[in-house]
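Visitor: My questions all concern the structure below.
Number of protein chains: 2
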Amino acid sequence: MVATNNLKTPQGQASFEISAYLQARQRLCDVALEGAIPIVYPEKIYEAMRYSLLAGGKRLRPILCLATCEMAGGTIEMAMPTACALEMIHTMSLIHDDLPAMDNDDYRRGQLTNHKVYGENIAILAGDGLLAHAFEFVATNTQNVPAERLVQVIAQLAKAVGAAGLVGGQVLDLDSEGKPDISLETLNFIHIHKTAALLEASVVSGGILAGVKDSDRQRLSRYAQNIGLAFQIIDDILDITATQEELGKTAGKDQKAQKATYPSLWGLEESRRQAQQLVEAAVAELTPFGEGSIPLAAIANFIISRTH
Amino acid sequence: MVATNNLKTPQGQASFEISAYLQARQRLCDVALEGAIPIVYPEKIYEAMRYSLLAGGKRLRPILCLATCEMAGGTIEMAMPTACALEMIHTMSLIHDDLPAMDNDDYRRGQLTNHKVYGENIAILAGDGLLAHAFEFVATNTQNVPAERLVQVIAQLAKAVGAAGLVGGQVLDLDSEGKPDISLETLNFIHIHKTAALLEASVVSGGILAGVKDSDRQRLSRYAQNIGLAFQIIDDILDITATQEELGKTAGKDQKAQKATYPSLWGLEESRRQAQQLVEAAVAELTPFGEGSIPLAAIANFIISRTH
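Residue numbers (this note's numbering), protein chains in the order written: chain A, 61 to 368; chain B, 61 to 368.
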């Protein structure tokens, strides 16, 4: 995976260190998220929201949003409130998915799940609070972006989390438990909605904030859909090959839940090959953006090289 | 309650039939809501969202939004997507509040609660889906309103449902169960957040859509806060005096849950007097709006005369 860690620019001059880039961006996002939800009365709900939001995720969605906005001529400052909102939405979906009535998970990002610490009722409300705060945060904190673009961003985020996105994907995911023989079509539906939709919103919203034209927005959508599915294939592979310590969450849970996964349909080797193909297709969509697309291309490659 | 049902206009000419007005507006809202969530694959989640959304509520929040927008010089068409979003948010809060981990209620609006029909997992997701759809619906369906106003409306709605609104109120409400001796201050906090905040967002968003000036927005806020508390006082009274059939939901549940209520603090008579005072204060805020404020004044009076 040399290409991932030391990408040549089109000029073949500078090198691009994806690990350092991701670390620096993650720190930027962590600082912004840290300030995004002050604790006021009643403290418990704000603490519960912060507990999961600040649990140290990879911040992949915020980073994609920032990177796309910059690539398209915008700034980090323009995109940061939306980037934070994306992480709030992602965190909300994790909190609700982990609930006993859903996947019933005890660990997430290396710590106890929200409901194990705060109880089911507060965990449900913390998710609701994060989802609402995401929209409020974009609407009230974004600077130097025309309101027309903000309305479009809000529509993108909302669609990605609703029944045509995360929620719809989770419905089918719940249905697929104990049915290891579901079709590739159903598996794709689940992950296009449960994983790719929010990654797509992350990338496309970054583009909208910077004012990309429609044809570029289409390219960004295809880039994101491809890395979204690749991301999920790798997730499925890691669920089999990685330890709980590496993942920071319960390992081997797909097999335990008798869930169909890409490796269960294709085997490990073919799954890796498909993920590689998807990443190549994703990177191809970035060609018109030139040298500015190096971070997004590197992120795509990083996705299939990650170990957790 | 003659004044409620047959209000004179300032000119003393035309009369205003609040019951007919509310019925007509409710029908308008029901038609709009009926078309707001088409059923697509996976059908179950859309059906669950529609089940609770179309269960025939009073549509008080949408009606307040439409009435305020009209009073401030806007149109029903400008406000209808926001009106629908308000009902989606309200319905989401009911679905989640009724969950076993929360108030554990079996009946709502005269029918089984969402989780009793679809299961807890789908009920949680149906709430999430409705909340997301509310924002998407405002952002994509509103016509002839400047985007700057839409962004402000979205911020209002989001704040009203988040930890500084419904969610925060529900947290304290859960805490107050089995504590019949909580202070008036805490009781007010609960209902300002759990009830008044969304009513305030309903009224203020109607004003924002029509482009009211800041001082009028303050008046609208105070009108709504006052009717919000009056509404809750009457709710508490009805929980004691009305039957389950009249309410369409479990009656006497406050007493059973040993919850402090306004009647438990003040007694029934003083509670009615306080509600009446709040409504008078609310109506006084409408003076500068002249004859156009008759519907909002009538709605305020209707709130304390309702029997369910």
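Positions of the beta carbon are idealized from the N, C-alpha and C atoms, including for glycine.
Over what stretch of residues does the alpha helix (DSSP H) that includes A:D235 continue unbroken?
Guide: The sequence position of residue 235 of chain A within the first sequence is 175, counting from 1. It spans L226 to S236 - the alpha helix (DSSP H) in which A:D235 sits, taken as one unbroken run.
Visitor: State the Cα-Cα distance for the pair B:S365 and A:A220, rounded to the nearest angstrom.
Guide: For the purposes of this step, residue 365 of chain B is taken as residue 305 along the second sequence, with counting starting at 1. For the purposes of this step, residue 220 of chain A is taken as residue 160 along the first sequence, with counting starting at 1. The alpha-carbon atoms of B:S365 and A:A220 are separated by roughly 43 Å.
Visitor: Would the beta-carbon of A:L190 fall within 8 Å of that of A:T142?
Guide: Here residue 190 of chain A corresponds to residue number 130 of the first sequence, with the count starting at 1. Here residue 142 of chain A corresponds to residue number 82 of the first sequence, with the count starting at 1. Cβ distance not < 8 Å, so A:L190 and A:T142 don't count as in contact.
Visitor: With distances taken from CA atoms, which of A:R277, A:Y283 and A:L328 is nearest A:D370?
Guide: The structure shown does not extend to residue 370 of chain A, since chain A is modelled only from 61 to 368, so the question has no answer here.
Visitor: How about A:K23: is its C-beta nearer than 8 Å to some C-beta of chain B?
Guide: Given that chain A is displayed from residue 61 to residue 368, the structure contains no residue 23 of chain A and the question cannot be resolved.
Visitor: For B:A145, tell me which candidate among B:A194, B:Y167 and B:P102 has the shortest Cα-Cα distance.
Guide: The residue given as residue 145 of chain B occupies position 85 in the second sequence. Nearest C-alpha to B:A145: B:A194.
Visitor: What is the C-beta distance between B:V339 and B:A317, in whole angstroms, given that I count them as a contact (C-beta under 8 Å)?
Guide: Locating residue 339 of chain B in the second sequence gives position 279, where the first residue counts as 1. Locating residue 317 of chain B in the second sequence gives position 257, where the first residue counts as 1. Going by Cβ atoms, the distance from B:V339 to B:A317 rounds to 27 Å, so no, they are not a contact pair.
Visitor: Taking Cβ-Cβ distances below 9 Å as the criterion, which residues of the region 85-103 of chain A are in contact with chain B?
Guide: Listed by position along the chain: I97, V100, Y101 and P102.
Visitor: Going along the region 176-199 of chain A in order, which residues come within less than 9 Å of chain B, judged by CB to CB distance?
Guide: Those residues of the region 176-199 of chain A that come within reach of chain B (Cβ to Cβ, closer than 9 Å) are G179, E180, N181, I182, A183, I184, L185, A186, G187, D188, G189, L190, L191, A192, H193, A194, F195, E196, F197, V198 and A199.
Visitor: What does a CB cutoff of less than 6 Å around B:T321 pick up in its chain, not counting 5 residues either side in sequence?
Guide: Walking along the second sequence from the start, residue 321 of chain B turns up at place 261. Same-chain partners within the cutoff: D296 and D314.
Visitor: Give a yes or no on whether the C-beta atoms belonging to B:A199 and A:A218 are separated by under 8 Å.
Guide: As a working note, residue 199 of chain B is residue 139 in the second sequence. As a working note, residue 218 of chain A is residue 158 in the first sequence. It is a contact, given that the beta carbons lie within the stated cut-off.
Visitor: On the criterion of 16 or more Cβ atoms from any shown chain inside 10 Å, does B:A84 qualify as buried, or is it exposed?
Guide: Locating residue 84 of chain B in the second sequence gives position 24, counting from the first residue. Result: exposed.
Visitor: Relative to the C-alpha of B:A261, which candidate in B:I136, B:K273, B:Q212 and B:F362 has its C-alpha closest?
Guide: Residue numbering aside, residue 261 of chain B sits at position 201 when the second sequence is read from its first letter. Here the closest residue by C-alpha is B:Q212.
Visitor: Tell me whether A:Y167 sits in a helix, a strand or coil according to DSSP, three-state version.
Guide: Residue mapping note: residue 167 of chain A aligns to position 107 of the first sequence, counting from 1. Three-state DSSP puts A:Y167 in a strand.
Visitor: Short of 8 Å Cβ to Cβ, which residues in the region 103-131 of chain B face chain A?
Guide: Answer set for the region 103-131 of chain B: K104, I105, Y106 and M109.
Visitor: For the region 200-218 of chain A, which residues have a beta carbon sitting closer than 8 Å to at least one beta carbon of chain B?
Guide: For the region 200-218 of chain A, which is checked against every Cβ of chain B, the residues closer than 8 Å are T200, P206, A207, E208, L210, V211, Q212, I214, A215, L217 and A218.
Visitor: Spell out whether any CB of chain A is found under 8 Å from the CB atom of B:L159.
Guide: Here residue 159 of chain B is taken as the residue at index 99 of the second sequence, counted from 1. Taking Cβ atoms only, chain A reaches closer than 8 Å to B:L159, which makes this a yes.
Visitor: Taking only beta-carbon positions, decide if B:V272 is within less than 8 Å of chain A.
Guide: As a first step, residue 272 of chain B must be located in the second sequence, where it is residue number 212. It does not: the Cβ of B:V272 has no partner Cβ on chain A nearer than 8 Å.
Visitor: Alpha carbon to alpha carbon, what distance is there between B:R119 and B:V91?
Guide: For the purposes of this step, residue 91 of chain B is identified with residue 31 of the second sequence, where counting begins at 1. For the purposes of this step, residue 119 of chain B is identified with residue 59 of the second sequence, where counting begins at 1. In a straight line, the C-alpha of B:V91 is about 12 Å away from that of B:R119.
Visitor: Can you give me the C-alpha to C-alpha distance between B:E180 and A:L114, rounded to a whole angstrom?
Guide: Your numbering for residue 180 of chain B matches position 120 in the second sequence. Your numbering for residue 114 of chain A matches position 54 in the first sequence. Taking the straight line joining both Cα atoms gives about 27 Å.
Visitor: Where are the alpha helix (DSSP H) runs, 4 residues long or more, that stay fully inside the region 72-140 of chain A, in chain order?
Guide: If we require 4 residues or more, the alpha helix (DSSP H) runs fully inside the region 72-140 of chain A come out as 78-94, 103-113 and 120-131.
Visitor: For A:M140, which residues of its own chain have a beta-carbon under 6 Å away from its beta-carbon, when the five flanking residues on both sides are left out?
Guide: Locating residue 140 of chain A in the first sequence gives position 80, counting from the first residue. Around A:M140: A92.
Visitor: Starting from A:L159, follow its DSSP beta bridges and name the residues at the other end.
Guide: One-based indexing of the first sequence puts residue 159 of chain A at position 99. A:L159 pairs with nothing; no bridge assigned.
Visitor: Whole angstroms is fine: what's the gap from B:E123's alpha carbon to B:Q86's?
Guide: Taking the first residue of the second sequence as position 1, residue 123 of chain B is located at position 63. Taking the first residue of the second sequence as position 1, residue 86 of chain B is located at position 26. Sequence inspection shows Ile at residue 123 of chain B; the Glu mentioned does not correspond to that position. Near 7 Å, if we compare the C-alpha coordinates of B:Q86 and B:I123.
Visitor: Using the Cβ count rule (16 or more neighbours within 10 Å means buried), how would you classify B:P102?
Guide: The residue you call residue 102 of chain B lines up with position 42 of the second sequence. Per the 10 Å Cβ criterion, buried.
Visitor: Taking CB distances under 8 Å as the criterion, tell me whether A:A223 reaches chain B.
Guide: In the first sequence, the residue the question calls residue 223 of chain A occupies position 163. By this cut-off, A:A223 is an interface position.
Visitor: Any C-beta of chain B within less than 7 Å: which residues of the region 222-247 of chain A qualify?
Guide: Flagged, chain order: G222, A223, V227, G228, Q230, V231, L232 and L234.
Visitor: Count Cβ pairs between the region 75-84 of chain B and the region 344-358 of chain A that sit closer than 8 Å; are there 3 or more?
Guide: Verdict: no, contact absent.
Visitor: What is the DSSP secondary structure of A:L258, reduced to helix, strand or coil?
Guide: Here the question's residue 258 of chain A lines up with position 198 in the first sequence. Three-state DSSP puts A:L258 in a helix.
Visitor: Whole angstroms is fine: what's the gap from A:H156's alpha carbon to A:M162's?
Guide: For the purposes of this step, residue 156 of chain A is taken as residue 96 along the first sequence, with counting starting at 1. For the purposes of this step, residue 162 of chain A is taken as residue 102 along the first sequence, with counting starting at 1. Rounded to the nearest angstrom, the two C-alpha atoms are 7 Å apart.
Visitor: Closer than 8 Å is the cut-off here; do at least three beta carbon pairs connect the region 126-139 of chain B with the region 240-260 of chain A?
Guide: As far as the Cβ criterion goes, the region 126-139 of chain B does not touch the region 240-260 of chain A, which means the pair count is below three.
Visitor: For A:L346, which of helix, strand or coil comes out of DSSP?
Guide: In the first sequence, counting from the first residue as 1, residue 346 of chain A sits at position 286. A:L346 falls in the coil class under three-state DSSP.
Visitor: Counting only Cβ-Cβ distances shorter than 7 Å, please list the residues of the region 137-163 of chain B near chain A, keeping chain order.
Guide: Under the 7 Å Cβ criterion, the region 137-163 of chain B contributes H156, L159, A161 and M162.
Visitor: CA-CA distance, A:K239 and A:L232?
Guide: The residue given as residue 239 of chain A occupies position 179 in the first sequence. The residue given as residue 232 of chain A occupies position 172 in the first sequence. Using only the alpha carbons, I get a separation of about 11 Å.
Visitor: A:A399: which of A:L356, A:A207 and A:L289 sits nearest, CA to CA?
Guide: Shown here, chain A extends from 61 to 368; a query on residue 399 of chain A therefore has no answer.
Visitor: Inspect the beta-carbon positions of A:M138 and A:V227 and report whether they are closer than 8 Å.
Guide: As a working mapping, residue 138 of chain A is identified with position 78 in the first sequence. As a working mapping, residue 227 of chain A is identified with position 167 in the first sequence. Not closer than 8 Å, so no.
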